[in-house]
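Participant: Quick one: the structure is below, questions incoming.
Numbering (the numbering used here), first residue to last: 61 to 520.
What follows is the structure in structure tokens.
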């Protein structure tokens, strides 16, 4: 059997992570040196740990150490070669593996290595001859236990080496299948942990409890963001299918499998932010924003806006001319307004790009600090991580909005030039527009102007 010293990645949702992922049951040095050696290399790359048995003293029956390893494994691979049944040790392993499958739902993956499943099921052919020889001197009870185990494992879906002309390709697929099964098993485990009352749904209260019970630092806003992203049907809670899809996105983002996934999450949050903003202005909750509602919200906290400015907003946003703004009109107007602001920001930078040495140094240091993996780009995940772990007072929504404004081409990351442009223009815009925009936007822009010096200090 093979081994790996790499440990499994910890999860925010799981407080307990088993150190052993896979237990392999096999017989024969030829299998160990070839098939399993290749499988071990692939597992090591995927940080999948596999049990090592070289130092265990073999006897007639399996010992307590081996039984413990089988029971702690999350998945067992049974490599059924022609010589498998010639080992009473392997047959006892198989019995114990199937007990774990029955008792605790352990995943069992058989590999029929140059042997037909029917030969295993019926104990026939060369496989049967080896089995009968192993049974010599054993009690009928022991033999029957082995027969039942072989019959059972032969009915479990698995890989057949005879179906593959390229063994390396088969091993590659097997490693991927194992990784996917372990990931799915981990997701199920996490869902059960988060579903505190075991009713099949995760509420915001349950999620907050699980995320913070062991000292995790998650704000109410972060918990709400998770619920908003994961809750596809909008019922305010997360069922298993929704949880599985969300965790798959997060896992893929953690593994750097696709930057698009993190962008998708940010896009969904942006839509949710826009809906929340619309609800704020729709005071009577009838699905429309009137001129009176717009004026009330924009001035209730001391904001100053003229009747002409309110009329202009209504005129530009009210596409169907009914004198009020529905959600679609609000969304289109907001997106267009943001695009105009971004274009103006770029134009402003084109005519005013002079940076003092101090400003240039600050921005460069800030970029370096945000580029966590030092690959020359700042991803949304890096930006969010550094912001939340540096004591920034910006809300998650403000962080997302700032990153989206910076990411002009929408590719999900910022290079240095792009970052310099947006930071410089953001400073200019903060100084010039703070007095002319609504209070919520003013707060964001003021914080951005302070944020540069704050982050340089926090990252130094």
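Using N, Cα and C, we set each Cβ at its ideal position, and we do this for glycine too.
Taking all protein chains shown into account, decide if residue 346 is buried (16 or more other Cβ within 10 angstroms of its Cβ) or exposed.
Facilitator: With fewer than 16 other Cβ atoms within 10 Å, it is exposed.
Participant: Reducing DSSP to helix, strand and coil, say where residue 439 ends up.
Facilitator: In this structure, residue 439 counts as strand in the three-state DSSP scheme.
Participant: What does residue 219 pair with, by DSSP beta-bridge criteria?
Facilitator: Paired residue(s): 171.
Participant: Could you check what DSSP says for residue 124 in three-state terms: helix, strand or coil?
Facilitator: In the structure shown, residue 124 sits in a helix (DSSP, three-state: H, G or I).
Participant: Use the C-beta contact count for residue 356: other C-beta atoms within 10 angstroms, 16 or more gives buried, fewer gives exposed.
Facilitator: Residue 356 should be labelled exposed.
Participant: When DSSP labels each residue in this structure, what does residue 111 get in the three-state scheme?
Facilitator: Looking at residue 111 - three-state DSSP - the assignment turns out to be coil, as it is neither helix nor strand.
Participant: Around the Cβ of residue 320, are there at least 16 other Cβ atoms within 10 angstroms (buried) or fewer (exposed)?
Facilitator: In this prediction, residue 320 has a pLDDT of 47, which is less than 50 and means its spatial position is unreliable; what the coordinates show is noted afterwards. By the neighbour-count rule (16 or more Cβ atoms within 10 Å), residue 320 is not buried but exposed.
Participant: Count the other C-beta atoms from every protein chain shown that fall within 10 angstroms of the C-beta of residue 269, then say buried if there are 16 or more, exposed otherwise.
Facilitator: Answer is exposed; the Cβ neighbour count stays below 16.
Participant: Go through the segment 249-281 residue by residue and report every complete run of the alpha helix (DSSP H) that reaches 4 residues or more, in order.
Facilitator: You should have 264-272.
Participant: Using only the alpha-carbon positions, how far apart do residue 495 and residue 364 sit?
Facilitator: The predicted position of residue 495 is uncertain, since its pLDDT is 46 and thus under 50; a value taken from the coordinates is nonetheless stated next. Distance between the alpha carbons of residue 495 and residue 364 is about 9 Å.
Participant: Taking the C-alpha atoms as reference points, what is the distance between residue 341 and residue 283?
Facilitator: Roughly 24 Å between the two C-alpha positions.
Participant: Taking residue 349 as part of the beta strand (DSSP E), name the residues at either end of that continuous run.
Facilitator: No beta strand (DSSP E) holds residue 349; DSSP gives it neither H nor E.
Participant: If we ignore side chains and look at the alpha-carbon of each, how far apart do residue 223 and residue 211 end up?
Facilitator: If you take the alpha carbons of residue 223 and residue 211, they lie about 21 Å apart.
Participant: What do you get for residue 138, buried or exposed, if any count of 16 or more other CB atoms within 10 angstroms of its CB means buried?
Facilitator: Flag for residue 138 reads buried.
Participant: Tell me the DSSP secondary structure of residue 81 in three-state form.
Facilitator: Residue state, collapsed to three classes: coil.
Participant: Compute the beta-carbon to beta-carbon distance between residue 136 and residue 168, rounded to the nearest angstrom, for a pair I have assumed lies under 8 Å.
Facilitator: Confirmed, about 5 Å.
Participant: Would you grab the beta carbon distance between residue 95 and residue 173 for me? Rounded to a whole angstrom, and I think it's under 8 Å.
Facilitator: Going by Cβ atoms, the distance from residue 95 to residue 173 rounds to 7 Å, so yes, they are a contact pair.
Participant: From this set, 388, 466, 419, 177, which residue's C-alpha is nearest residue 216's C-alpha?
Facilitator: Among 388, 466, 419, 177, the Cα nearest to that of residue 216 belongs to 177.
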